[in-house]
Amino acid sequence: MLGLDISSTSVKLLELSRSGGKYRVESYGVEPLPGNAVIEKNIADVEGVGEAIERLIARAKTKVKSAAVAVAGSAVITKTIEMSADLNENEMETQLHDEADQYIPYPLDEVALDFEVQGISPRSDEQVEVLLAACRRENVEMRQEALELGGLKAKVVDIEAHCMQRAFELVRDQFFEDGGQDKIIAIIDIGATMTTLSVLTNAGAPYTREQLFGGKQLTEEIQRRYSLSVEEAGLAKKQGGLPDDYETEVLQPFKEAVVQQVTRSLQFFYSSSSFDTVDHIILAGGTASIEGLADMVTAKLGTPATTANPFVNMALSSKVNEVSLNNDAPAMMIACGLAMRSFD
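Anchor point for the sequence shown: position 27 equals 43 in the numbering used here, and the numbering is continuous, going up by one each time.
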């Protein structure tokens with residue numbers, strides 16, 4: 017399956033193969049979306065997204081026709097419940113549908129529902145813990161429709177934070193010699209308009225929180241200060257060539273704003289959980305590529321911070337441009353977690 021991450025400004029595609037325990041990038045690409053095609057992670061212009069997917073597939077030269085996509089954590093209700101260990105999957109499904117209105121505040125005919133058995137309950141051997149996930153059906157259907165317009169079939173709809181968690185398993189060994197299974201990891205995904213904090217603990221589903229903040233603010237500031245169009249500002253941000261005062265007057269204040277957001281996100285997490293520290297911060301999303309950002313977070317917070325790159329130990333096919341892939345790597349974590357669903 018292709019991993020297809022539909023974000024607010026682009027669609028990202030990743031195709032992985034695996035032999036032994038080693039992954040290989042078969043194809044990848046990023047295609048910009050028309051303005052306002054996706055607003056706060058909800059698809060507003062299905063046709064615009066579908067056409068972008070079609071262009072992306074043509075450019076990535078992939079033959080794969082099925083894909084995994086994700087919905088944002090804020091669109092999903094997850095709940096861990098206990099059920100009898102004697103039930104088989106069909107019996108569980110029937111019981112969950114009968115009882116789902118206890119857990120979900122929407123009419124059931126408007127909801128897409130799924131569940132996964134997490135293991136034996138720590139409280140009783142006769143019960144299992146079951147993770148229930150539900151989101152509004154229209155969120156799933158809009159993604160399915162956009163994929164169909166682009167020539168693909170949606171095989172899996174996942175949750176972004178769970179994709180992050182899966183992709184992090186690839187990079188865990190880069191940070192911890194012993195694999196760091198008991199470490200508390202904060203992944204901060206700074207997209208164009210949204211910043212999502214996912215905290216991975218060894219206690220099941222990740223904690224997530226979204227805030228309206230992202231790289232678009234930097235683009236808008238470049239646009240305003242240097243009288244450029246949105247396209248010109250976006251290009252200048254990536255390729256350089258801006259006046260000498262850009263570093264001090266525009267980029268530095270933006271980096272400080274990012275550090276502030278990171279601090280604030282973590283404070284929310286500490287105040288709503290039993291934790292008061294994290295062991296490592298991973299910066300993901302397009303904004304994470306800004307030079308020196310991870311060092312600045314480390315210096316301000318006193319916690320080691322690193323820019324995400326899930327491709328460090330992967331082989332690349334000859335049609336993948338290594339320089340482009342490395343530049344886009346921090347923004348490819350969700351696509352990577354989705355592409356890994358091929359091997360479940």
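Ideal Cβ placement from N, Cα and C applies to all residues, glycine included.
Contact between the stretch 302-314 and the stretch 199-214 is established, with three or more Cβ pairs separated by less than 8 Å. For Glu-47 against Leu-72, the beta-carbon gap comes to about 4 Å, under 8 Å, which counts as contact.
Per DSSP, Leu-72 lies in no beta strand (DSSP E); the unbroken alpha helix (DSSP H) holding it starts and ends at 62-76. Residue ranges of uninterrupted alpha helix (DSSP H) with 4 or more members, entirely inside the stretch 280-341 and ordered along the chain, are 309-317. Just so you know, the alpha carbons of Gly-308 and Glu-272 end up roughly 11 Å apart. Residues of the same chain with a CB within less than 6 Å of the CB of Ala-150, apart from the 5 flanking positions on each side, are Ile-93, Ile-120, Val-127 and Leu-129 in chain order. In the structure shown, the three-state DSSP call for Val-80 is coil.
Between Val-246 and Val-275 the beta-carbon gap is near 26 Å, outside 8 Å, which marks them as no contact. Residue pairing of Ala-150 in beta bridges, as defined by DSSP: Ile-93 and Leu-129.
Linking Glu-145 to His-113 through their CA atoms gives a straight-line distance of about 17 Å. For Ile-350, the three-state secondary structure derived from DSSP is helix. Between Ala-68 and Val-27, the CB-CB gap stays under 7 Å. CA-to-CA, the gap between Val-328 and Val-187 works out to about 8 Å. Runs of the beta strand (DSSP E) lying entirely within the stretch 208-262, each at least 3 residues long, are 210-216 and 223-228 in chain order.
Between Gln-181 and Leu-148, the CB-CB gap reaches or exceeds 7 Å. Sequence-distant partners of Ile-175 (beyond 5 residues in either direction) whose C-beta falls short of 7 Å from its own C-beta, in its chain, are Ala-86, Val-87, Gly-89, Val-92 and Ala-149.
Counting along the chain, Arg-34 sits inside the beta strand (DSSP E) bounded by residues 26-35. Secondary structure at Lys-271: helix, using DSSP grouped into helix, strand and coil. Boundaries of the alpha helix (DSSP H) harbouring Ala-183: 176-191, taken from the DSSP string.
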